[in-house]
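J.: Quick one: the structure is below, questions incoming.
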Amino acid sequence: MPPQAKLALKPFAFLAFFFLATLENRSFAAEWNQFRGPTGQGTVETDQLPLQWSEEQNIEWKTAIHDKGWSSPIVCQDKIWMTTASEDGRKLYVIVVQAKDGAILWDRQLFTIADPQFAHKFNSYASPTPVSDGSRVYVTFGSPGTACLDAQTGEVVWKRTDIVCNHFRGAGSSPILFQDLLIMNFDGSDQQFIMALDAATGETRWQTQRSIDYMDLGPDGLPEADGDWRKGFSTPHVAELEGQQRLLSIGSKALYAYEPLTGKEIWHTESRIGHSASSRPTIHRNQIYYLTGFSKGELWAVRPGGQGHVTDTHVRWTFKRSVPNKPSMIAHEDCLFMIHDGGVASCVDTLTGEAIWQERIGGNYSASPIRWKEHIYFFSEEGKTSIIAASKNFVLQHTNQLDGGFMASPAIVDQS
386 MPPQAKLALK PFAFLAFFFL ATLENRSFAA EWNQFRGPTG QGTVETDQLP LQWSEEQNIE
446 WKTAIHDKGW SSPIVCQDKI WMTTASEDGR KLYVIVVQAK DGAILWDRQL FTIADPQFAH
506 KFNSYASPTP VSDGSRVYVT FGSPGTACLD AQTGEVVWKR TDIVCNHFRG AGSSPILFQD
566 LLIMNFDGSD QQFIMALDAA TGETRWQTQR SIDYMDLGPD GLPEADGDWR KGFSTPHVAE
626 LEGQQRLLSI GSKALYAYEP LTGKEIWHTE SRIGHSASSR PTIHRNQIYY LTGFSKGELW
686 AVRPGGQGHV TDTHVRWTFK RSVPNKPSMI AHEDCLFMIH DGGVASCVDT LTGEAIWQER
746 IGGNYSASPI RWKEHIYFFS EEGKTSIIAA SKNFVLQHTN QLDGGFMASP AIVDQS
């Protein structure tokens with residue numbers, strides 16, 4: 386595909402920052418510093434955001450990004466950071482673009498990989514989203530490497546290439562920051578763990594193995610499907626629950642709660658339905674909602690607390706119809722809004738787990754939705770954005786079509 390064909394806004398995530406709308410007196414003081422934004426929940430806090438656009442309307446600039454990457458962009462110090470990788474996974478890059486005009490400031494190859502692991506065609510070698518504390522930016526490509534860069538100069542502060550697992554289908558979990566820790570999931574087919582690095586130095590502060598029995602051993606004593614049911618792609622999340630900070634992390638077939646500073650496991654639930662969970666946990670009104678993954682995955686509602694295995698005591702309800710495999714959810718008032726990979730949108734009651742409505746809006750979906758005020762935005766792989774009312778009544782307010790599609794989730798700053 387020639388570079389000109391990649392100018393469409395995130396055509397299958399070749400361009401991670403998908404559009405800039407033309408609104409006067411716009412600045413870029415706000416930051417979108419991690420996967421799904423400052424809260425990690427996909428909520429947009431701004432006075433204005435476009436509701437309508439096309440290739441001819443409300444597009445301020447486009448910038449071609451080489452190679453292939455499903456990572457979402459982040460915005461730090463008026464700069465847009467994203468990652469990309471060669472199709473064969475041998476060259477891994479970080480690219481930085483000026484938010485005001487789309488000009489590329491830096492295009493740097495961070496890692497050269499002699500023998501890349503396999504990555505599924507629906508994944509890329511640059512799928513995890515960067516994270517920033519404002520002064521530094523942290524990027525990971527999973528096992529191939531993790532790096533810290535100075536947000537002002539783009540210079541590398543430290544690198545790690547010794548954190549290894551077999552991702553089996555490619556990496557997907559994004560890093561998060563908590564206090565002075567960089568926290569990452571590594572759920573491979575061969576080993577599964579969560580770990581924290583010293584954000585300043587890159588040194589390991591703690592590492593905790595996943596604790597559940599996957600119950601997947603075959604007659605030969607080896608994991609079935611070469612360990613495929615053990616892998617995961619979810620991004621962790623730290624939330625205050627019942628007055629305590631808890632690190633929530635979805636692994637394959639389980640949701641775990643840890644002490645974020647030590648990595649000590651506090652409790653977990655076990656979901657034997659679904660695997661390869663990809664979404665980020667949703668926290669709303671002191672409750673946890675999570676998706677169990679592929680293969681007839683389910684939506685689970687969990688109340689926090691307890692010790693050890695709490696599935697029987699703390700799972701409030703489960704929901705099974707048209708549950709997403711990849712996109713994360715949006716919580717608003719008493720509703721959970723979600724989009725199935727195959728184009729069925731749902732509104733589920735957070736209290737009862739009953740469907741309030743389900744409507745087919747069409748298309749295929751990998752990107753996670755966002756909420757701005759009373760609007761929910763769904764972004765399809767075919768380039769269509771469907772905007773619905775954040776309401777218990779289904780109202781399709783706008784549809785906007787672009788030439789390229791969306792594989793990664795958007796970043797929003799100010800009115801763009």
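Count along the sequence shown from 1, add 385, and you get the number used in this note's numbering. For every residue, glycine included, the Cβ atom is placed at its ideal position computed from N, Cα and C. Every value quoted in this text rests on a predicted model; they were computed, and no experiment measured them.
(1) Given this structure, state the Cα-to-Cα distance separating residue 795 from residue 458, to the nearest angstrom.
(2) Mapping DSSP to helix, strand and coil, what is residue 403?
(3) Decide yes or no for the touch test of the stretch 628 to 640 against the stretch 591 to 600: beta carbon pairs closer than 8 Å, at least 3 of them.
(4) Which runs of the beta strand (DSSP E) at least 3 residues long sit entirely within the stretch 564 to 610? Give them in chain order.
(5) Just to confirm, are residue 568 and residue 513 a CB contact at a threshold of 8 Å?
(6) Can the beta-carbon of residue 709 be found less than 8 Å from the beta-carbon of residue 676?
(7) If you compare alpha carbons, which of 742, 634, 509, 502 is closest to residue 425?
(8) Check this for me: beta carbons of residue 763 and residue 797, under 8 Å apart or not?
(9) Take every Cβ of the stretch 462 to 470, pair it with every Cβ of the stretch 516 to 534, and state whether three or more of those distances are shorter than 8 Å.
(10) Would the stretch 677 to 689 and the stretch 752 to 769 be scored as touching if the rule is three or more Cβ pairs under 8 Å?
(11) Can you tell which of 546, 521, 536, 553 has its C-alpha closest to the C-alpha of residue 502?
(12) Once you ignore the five residues that flank residue 742 on each side, which residues in its own chain have a CB closer than 8 Å to its CB?
(13) Taking the alpha carbon of residue 456 as the reference point, which residue from 615, 508, 594 has its own alpha carbon closest?
(14) Residue 613 and residue 574: beta carbons closer than 8 Å?
(15) According to DSSP, simplified to helix, strand and coil, what is residue 613?
(16) Which residues does DSSP list as the beta-bridge partners of residue 469?
(17) In the DSSP output, which residue or residues are listed as bridge partners for residue 785?
(18) Does the Cβ-Cβ distance between residue 645 and residue 578 come in under 8 Å?
(19) Just the Cα atoms here: how many angstroms apart are residue 784 and residue 751?
(20) So who's on the other strand from residue 535, going by DSSP bridges?
(21) Could you tell me whether the Cβ atoms of residue 530 and residue 495 are closer together than 8 Å?
(22) Bridge partners of residue 550, per DSSP?
(23) Assign residue 781 to one of two classes, buried (16 or more other C-beta atoms within 10 Å of its C-beta) or exposed (fewer than that).
(24) Considering only residues of the same chain and omitting the five flanking positions on each side of residue 497, which have a CB-CB separation below 7 Å?
(25) Quick one: what does DSSP say residue 451 is sitting in, helix, strand or coil?
(26) Quick one: grab the DSSP three-state call for residue 699.
(27) Return the CA-CA distance between residue 626 and residue 533, expressed in angstroms with no decimal places.
(28) Using the three-state DSSP reduction, which class does residue 741 fall into: helix, strand or coil?
(29) Quick one: Cα of residue 593 to Cα of residue 649, how far?
(30) Where does residue 670 land, buried or exposed, given buried means 16+ other C-beta within 10 angstroms?
T.: From the atom records:
(1) 7 Å
(2) Its pLDDT being 38, under 50, residue 403 is placed unreliably by the model, and the measurement read from it follows with that caveat. Residue 403: coil per DSSP, three-state reduction.
(3) yes
(4) 566 to 572, 577 to 583, 589 to 594
(5) Their beta carbons are not under 8 Å apart, which means residue 568 does not touch residue 513 by this criterion.
(6) yes
(7) From the listed residues 742, 634, 509, 502, the smallest Cα separation to residue 425 is found for 634.
(8) no
(9) yes
(10) no
(11) 553
(12) 731, 732, 777, 778, 779
(13) 508
(14) yes
(15) helix
(16) 478
(17) 770
(18) Not in contact: residue 645 and residue 578 (Cβ atoms no closer than 8 Å).
(19) 17 Å
(20) 521
(21) yes
(22) Per DSSP, none; premise fails for residue 550.
(23) exposed
(24) 475, 476
(25) Residue state, collapsed to three classes: coil.
(26) helix
(27) 30 Å
(28) The DSSP-derived three-state label of residue 741 is strand.
(29) 7 Å
(30) exposed
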